[in-house]
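Step one of this worksheet: look at the structure below.
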Amino acid sequence: MTSRDETIRAFLDKAGWGDATRRDLAGDASTRRYERLTGPKGDAVLMDWPRAREVAVPSGEQSYSQIAHLATDIRPFVAVCDYLHGRGLAAPEIFARDLDAGLLLSEDLGDDLYGPAIDAGVGPSGVALDEMYATAIETLLSLQSHAAPVSLPVGDGTEHEVPHFDDGIFRAELDVPLDWYFPHVLGHEASGDERAEYHGHWTNLRPLIDAGPRTLFLRDFHSPNIIWLKRNEGVKRVGIIDFQDALIGSRAYDVVSFLQDARKDVSVEREQAMLALYVARAKSDLTNFNEEEFRAAYAALGAERALRLIGLWPRLLHRDGKAHYMAHMPRTMGYLRRNLAHPALAPLRKWLDANMLPKT
Numbered sequence: 054m055t056s057r058d059e060t061i062r063a064f065l066d067k068a069g070w071g072d073a074t075r076r077d078l079a080g081d082a083s084t085r086r087y088e089r090l091t092g093p094k095g096d097a098v099l100m101d102w103p104r105a106r107e108v109a110v111p112s113g114e115q116s117y118s119q120i121a122h123l124a125t126d127i128r129p130f131v132a133v134c135d136y137l138h139g140r141g142l143a144a145p146e147i148f149a150r151d152l153d154a155g156l157l158l159s160e161d162l163g164d165d166l167y168g169p170a171i172d173a174g175v176g177p178s179g180v181a182l183d184e185m186y187a188t189a190i191e192t193l194l195s196l197q198s199h200a201a202p203v204s205l206p207v208g209d210g211t212e213h214e215v216p217h218f219d220d221g222i223f224r225a226e227l228d229v230p231l232d233w234y235f236p237h238v239l240g241h242e243a244s245g246d247e248r249a250e251y252h253g254h255w256t257n258l259r260p261l262i263d264a265g266p267r268t269l270f271l272r273d274f275h276s277p278n279i280i281w282l283k284r285n286e287g288v289k290r291v292g293i294i295d296f297q298d299a300l301i302g303s304r305a306y307d308v309v310s311f312l313q314d315a316r317k318d319v320s321v322e323r324e325q326a327m328l329a330l331y332v333a334r335a336k337s338d339l340t341n342f343n344e345e346e347f348r349a350a351y352a353a354l355g356a357e358r359a360l361r362l363i364g365l366w367p368r369l370l371h372r373d374g375k376a377h378y379m380a381h382m383p384r385t386m387g388y389l390r391r392n393l394a395h396p397a398l399a400p401l402r403k404w405l406d407a408n409m410l411p412k413t
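Under the working numbering, residues 54 to 413 are what the sequence shown spells out, in order.
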């Protein structure tokens, strides 16, 4: 049987990169691995992603990855990457692909991630941080100016059916704070009544999230996955990675993911300034844009996202032994409070104050 390394070597030889120097890059999931290649042709990144094994679940049930529509192989990445290229955005150019083997050779976008620039307060070569934020907002507007695709070609004659942000994902994410924050931070399991009341509030809020035209959203558009490409112009200065789990849903999703970055502080002043920029541009650039609908969806999705993270941080601590993620809890709580200030979320805010937040 051919070993994985032999398969990779054969793939690189066929692509003309067999003489390149290889070194490991940090992976972002248990079944994904990355290498940085340097050779006569320049720099490239190898993605090694064998298809994930199905997690055993009781008959008739779905695994979390199935419920959440998480990609299990390289095909969704390729499909979305090609789509983004076709829309003039700076996803990595794909040099070579072997879909069956789960191997991809693509452009190296470099190391100028948004995260270190946010920490430093200034971008590469002295570019203003506000310019980097504004260009990322323009990137989202450019993406949203196109109708949401129903399916995307993978390049081998098959199609990737783009999933929707459906009720299965929604409810699974809502359960995360109930399953982990309540027992591990508040010290007791969420009761059946508490679960029913909590989900009931979100049933009432769901129409806010569903209001307005649908768009393709990248799902993880935040500082670890955005790279500043100073050599380019316009929206091509914003390099995008980690988009294989893209969904169809609200225009507000990626905007709130970016402006309420779970891992980096975004001041109220910067968030509001960039929201104002987005709204002003959306009124002229996007069809059927309604500011009131958008701001309500932004607050609702922001609160939903913050609550999921408030449950995720204790899960990473207690299940996975990753204590450092708890450092993000105060920031996440702050974002939650910002979103709960929206009048449409007043009933949820009252419930959280009575059942969850005062005990923090």
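We put the beta carbon where it would ideally sit given N, CA and C, even for glycine.
Look at the alpha carbon of residue i and the alpha carbon of residue j, and state the distance between them as a whole number of angstroms.
{"i": "Pro-177", "j": "Arg-284", "result": "11 Å"}
{"i": "Leu-414", "j": "Phe-64", "result": "Here the chain has residues from 54 to 413 only, and residue 414 is not among them."}
{"i": "Phe-218", "j": "Arg-272", "result": "10 Å"}
{"i": "Thr-385", "j": "Asn-278", "result": "19 Å"}
{"i": "Asn-341", "j": "Asp-307", "result": "18 Å"}
{"i": "Glu-160", "j": "Leu-90", "result": "10 Å"}
{"i": "Ser-118", "j": "Arg-85", "result": "15 Å"}
{"i": "Arg-57", "j": "Arg-150", "result": "15 Å"}
{"i": "Pro-206", "j": "Val-215", "result": "10 Å"}
{"i": "Thr-211", "j": "Ala-299", "result": "18 Å"}
{"i": "Leu-261", "j": "Glu-344", "result": "12 Å"}
{"i": "Leu-365", "j": "Val-133", "result": "27 Å"}
{"i": "Arg-372", "j": "Asp-228", "result": "16 Å"}
{"i": "Met-100", "j": "Val-180", "result": "30 Å"}
{"i": "Leu-405", "j": "Thr-188", "result": "35 Å"}
{"i": "Ile-293", "j": "Asp-246", "result": "42 Å"}
{"i": "Glu-59", "j": "His-377", "result": "37 Å"}
{"i": "Leu-370", "j": "Asp-153", "result": "36 Å"}
{"i": "Tyr-87", "j": "Lys-403", "result": "46 Å"}
{"i": "Gly-387", "j": "Ser-204", "result": "37 Å"}
{"i": "Ile-301", "j": "Asp-66", "result": "38 Å"}
{"i": "Ala-407", "j": "Phe-347", "result": "28 Å"}
{"i": "Ser-337", "j": "Phe-274", "result": "23 Å"}
{"i": "Asp-295", "j": "Gly-208", "result": "19 Å"}
{"i": "Gly-374", "j": "Ser-116", "result": "22 Å"}
{"i": "Leu-339", "j": "Pro-383", "result": "35 Å"}
One question on the structure: do residue i and residue j come within less than 8 Å of each other, judged by their Cβ atoms?
{"i": "Leu-231", "j": "Ala-249", "result": "no"}
{"i": "Pro-202", "j": "Leu-269", "result": "yes"}
{"i": "Ile-127", "j": "Trp-102", "result": "yes"}
{"i": "Ser-276", "j": "Ile-363", "result": "no"}
{"i": "Val-175", "j": "Leu-166", "result": "no"}
{"i": "Pro-396", "j": "His-254", "result": "no"}
{"i": "Ile-280", "j": "Leu-196", "result": "no"}
{"i": "Gly-168", "j": "Lys-317", "result": "yes"}
{"i": "His-252", "j": "Ala-315", "result": "no"}
{"i": "Ala-73", "j": "Phe-148", "result": "no"}
With a CB to CB cut of under 7 Å and the five nearest residues on each side skipped, what residues in its chain are close to residue i?
{"i": "Leu-312", "result": "Val-319, Glu-324, Met-327, Leu-328"}
{"i": "Val-309", "result": "Tyr-351, Leu-354, Gly-355, Arg-358"}
{"i": "Pro-367", "result": "Trp-233, Tyr-234, His-237, Val-238"}
{"i": "Tyr-186", "result": "Arg-323, Met-327"}
{"i": "Ile-120", "result": "Gly-221, Ile-222, Ala-225"}
{"i": "Glu-114", "result": "none"}
{"i": "Trp-70", "result": "Leu-90, Gly-92, Lys-94, Ala-97, Leu-158"}
{"i": "Gly-104", "result": "With the sequence shown as reference, residue 104 is identified as Arg, and Gly is not the correct amino acid for it. Taken in chain order, the residues that qualify are Thr-125, Asp-126, Gly-155."}
How should residue i be labelled, buried or exposed, when 16 other C-beta atoms within 10 angstroms of its C-beta is the threshold for buried?
{"i": "His-199", "result": "exposed"}
{"i": "Thr-55", "result": "exposed"}
{"i": "Asn-424", "result": "Since the first residue of the chain shown is 54 and the last is 413, residue 424 is not available in this structure."}
{"i": "Val-291", "result": "buried"}
{"i": "Leu-2", "result": "Residue 2 is absent from the model: the chain starts at 54 and stops at 413."}
{"i": "Val-321", "result": "exposed"}
{"i": "Glu-286", "result": "exposed"}
{"i": "His-213", "result": "buried"}
{"i": "Glu-184", "result": "exposed"}
{"i": "Ser-303", "result": "buried"}
{"i": "Arg-361", "result": "buried"}
{"i": "Ala-305", "result": "buried"}
{"i": "Ala-173", "result": "exposed"}
{"i": "Asp-164", "result": "exposed"}
{"i": "Ala-333", "result": "exposed"}
Skipping 5 residues on each side, what residues in its chain have a beta carbon closer than 8 Å to that of residue i?
{"i": "Met-409", "result": "Pro-230, Tyr-234, Phe-235, Leu-239"}
{"i": "Tyr-331", "result": "Ile-190, Leu-193, Leu-194, Val-308"}
{"i": "Lys-289", "result": "Gly-141, Leu-142, Ala-143, Leu-282"}
{"i": "Leu-398", "result": "Leu-258, Ala-352, Ala-353, Ala-356, Asn-392"}
{"i": "Ala-349", "result": "Leu-261, Ala-264, His-395, Ala-397"}
Given 7 Å as the limit, tell me if residue i has its C-beta closer than that to any heavy atom belonging to the ligand PLP.
{"i": "Thr-211", "result": "In the structure on display, the ligand PLP does not appear, and there are no ligands present to speak of."}
If you drop the 5 nearest sequence neighbours on each side, which residues of the same chain put their C-beta closer than 6 Å to that of residue i?
{"i": "Leu-137", "result": "Ala-144"}
{"i": "Gln-297", "result": "Ala-124, Pro-129, Phe-130"}
{"i": "Pro-266", "result": "Asn-341"}
{"i": "Glu-146", "result": "Glu-160"}
{"i": "His-122", "result": "Pro-216"}
{"i": "Asp-135", "result": "none"}
Please check if any C-beta of chain B sits within less than 8 Å of the C-beta of residue i.
{"i": "Gly-155", "result": "The chain inventory of the structure shown lacks chain B, comprising one protein chain alone."}
Runs of alpha helix (DSSP H) lying entirely within the segment 146-193, each at least 4 residues, in chain order:
Secondary structure in the segment 146-193: the alpha helix (DSSP H) runs of 4 residues or longer, each lying completely within the stretch, are 167-173 in chain order.
Secondary structure, alpha helix (DSSP H): runs of 4+ residues fully inside the segment 220-290:
220-229, 245-263
Please give me, in chain order, every unbroken run of the alpha helix (DSSP H) with length at least 4 that falls completely inside the segment 59-142.
117-120, 128-139
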